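Trainee: In numbering that gives the first Met the number 0, the protein residues as written are 0 to 301.
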Amino acid sequence: MTDTGTTSEQHATKGRCLWCGAERPVDVDLCPTCEHSWIDATIDEARAGQLEAARPALQPSDDAKLPYLRRRWLLISLLFAVAAVYGAVLVLDNNDATSGTTVAATPTIPGATQESTTTTAGTVAPTTAPPLTTTLPPTTTSTTTTTLPPIAVVEPGFDPADLTLGAFALGPISFGSSDPAVVGRLAATFGQPSAILPAGENWGLCENETGRVLEFGYLSVIMRDTEDGEQLVGYRQRIKLDGALSPSDSSGELRTISGLTLANNLSDVTQLYSRVVTAELATQQDETLPPGSPIYIVQRSS
Numbered sequence: 000m001t002d003t004g005t006t007s008e009q010h011a012t013k014g015r016c017l018w019c020g021a022e023r024p025v026d027v028d029l030c031p032t033c034e035h036s037w038i039d040a041t042i043d044e045a046r047a048g049q050l051e052a053a054r055p056a057l058q059p060s061d062d063a064k065l066p067y068l069r070r071r072w073l074l075i076s077l078l079f080a081v082a083a084v085y086g087a088v089l090v091l092d093n094n095d096a097t098s099g100t101t102v103a104a105t106p107t108i109p110g111a112t113q114e115s116t117t118t119t120a121g122t123v124a125p126t127t128a129p130p131l132t133t134t135l136p137p138t139t140t141s142t143t144t145t146t147l148p149p150i151a152v153v154e155p156g157f158d159p160a161d162l163t164l165g166a167f168a169l170g171p172i173s174f175g176s177s178d179p180a181v182v183g184r185l186a187a188t189f190g191q192p193s194a195i196l197p198a199g200e201n202w203g204l205c206e207n208e209t210g211r212v213l214e215f216g217y218l219s220v221i222m223r224d225t226e227d228g229e230q231l232v233g234y235r236q237r238i239k240l241d242g243a244l245s246p247s248d249s250s251g252e253l254r255t256i257s258g259l260t261l262a263n264n265l266s267d268v269t270q271l272y273s274r275v276v277t278a279e280l281a282t283q284q285d286e287t288l289p290p291g292s293p294i295y296i297v298q299r300s301s
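#1: Just the C-alpha distance for F174 and R184, rounded to the nearest angstrom, thanks.
#2: Are the CB atoms of G210 and A198 nearer to each other than 8 Å?
#3: Can you have a look at V212 and say buried or exposed, based on whether 16 or more other CB atoms are within 10 angstroms of its CB?
#4: If you follow the beta strand (DSSP E) that A198 is part of, which residue opens it and which one closes it?
#5: Which residue's Cα is closest to the Cα of L164: R15, G258, C16, E229?
#6: Buried or exposed, going by whether 16 or more other CB atoms sit within 10 Å of the CB of L50?
#7: In this structure, does DSSP put T163 in helix, strand or coil?
#8: Is S176 helix, strand or coil by DSSP?
#9: Is Y295 helix, strand or coil by DSSP?
#10: Are the beta-carbon atoms belonging to I296 and A281 less than 8 Å from one another?
#11: Closest by CA to F215, which one among N264, Y272, I238?
#12: Starting from V268, trace the alpha helix (DSSP H) both ways and give me its first and last residue.
#13: So the beta strand (DSSP E) I221 belongs to, where does it begin and stop?
#14: Look at the alpha carbon of G251 and the alpha carbon of Y217, and state the distance between them as a whole number of angstroms.
#15: Kindly list the residues whose CB is nearer than 6 Å to the CB of P302, restricted to its own chain and excluding five residues on each side of it in sequence; keep chain order.
#16: Please classify L29 as buried or exposed, where buried requires at least 16 other C-beta atoms within 10 Å of its C-beta.
#17: Pull up the distance between the alpha-carbon of E206 and that of E200, whole angstroms please.
Rendered as structure tokens:
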């Protein structure tokens, strides 16, 4: 019968990997199958060797007390030492605190004359600090006034009688006219405008349009900006509700085609026009026409 088992020489030169169980030579560092390092001793054997090296076995001549009892008494001794030091510090602090406030009593000897010393505290004058004052620089408000160049006068001017207030024109000037001499001729007729204002939707322009308003006394001329220059697109003739016409201002003498002027009253309107429609102003237009002001739309037969 042939023994096919492993001989002692083979055990000495070979072993099995603890990770994958493959047989391997002893003198090889890594397993050829799983490439893990060899572990010849089990975990329990390695741990037992470490414990024996760290804590040797007790001998008959050694103290019979267990190591953990020694550690416990050592810990208790340290706690007592700390408490003693802390108590000593408290006693020293109390002595320091009371040493400055304890005054020894003066002994009394019968028949002896005692001298008493009285110490009078000096009077300290109160110190009054001057109040803090903060000086701020004065606040100044500046007003910037922009002076526009005067309108270039173009002669000849218009005859005020020819500047009739029509629905589509101001006298001979039709709405939409881009004649650059229009503003100059109006300046030659009425003088330099009393004010030049920006025109917007409140003056009848569309949302994206720009322009200006030239005020010649009671007449406001509305100009719109275009690529070809300014265009006359409208006018307004107005007077304050509590105002009176100036006889020297020719802009107050302008008439409609039917002959209506600012000085006429409502009865004159009904005689000059075949139809008069009364309405009320819904929103604020300017300082002369507050909301609720009456509006009269006049129509005449052709």
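For glycine and all other residues, C-beta sits at the position ideal for the given N, C-alpha and C. None of the values given here were measured: they were computed from a predicted structure.
Mentor: Per the coordinate set shown:
#1: Taking C-alpha positions only, F174 is separated from R184 by approximately 16 Å.
#2: Yes, Cβ-Cβ distance for G210 and A198 is below 8 Å.
#3: Taking a 10 Å sphere around the C-beta of V212, we find 16 or more other C-beta atoms and assign the residue as buried.
#4: Following the DSSP letters along the chain, one finds A198 inside the beta strand (DSSP E) bounded by residues 194-198.
#5: With distances taken between Cα atoms, L164 lies closest to G258.
#6: Below a pLDDT of 50, predicted positions are generally treated as unreliable, and L50, at 49, falls in that range; the measurement from the model is reported next regardless. It is exposed - the Cβ of L50 has fewer than 16 other Cβ atoms within 10 Å.
#7: T163 falls in the coil class under three-state DSSP.
#8: In the structure shown, S176 adopts extended strand secondary structure according to DSSP, grouped into three states.
#9: In this structure, Y295 counts as strand in the three-state DSSP scheme.
#10: No, Cβ-Cβ distance for I296 and A281 is not below 8 Å.
#11: I238 is the residue among N264, Y272, I238 whose C-alpha sits nearest the C-alpha of F215.
#12: From DSSP, the alpha helix (DSSP H) with V268 extends over 265-271.
#13: Going by DSSP, I221 is part of the beta strand (DSSP E) stretching over 218-225.
#14: Rounded to the nearest angstrom, the two C-alpha atoms are 6 Å apart.
#15: Residue coverage of the chain in this structure runs from 0 to 301, which leaves residue 302 outside it and unanswerable.
#16: Exposed, because fewer than 16 other Cβ atoms sit within 10 Å of the Cβ of L29.
#17: Roughly 6 Å between the two C-alpha positions.
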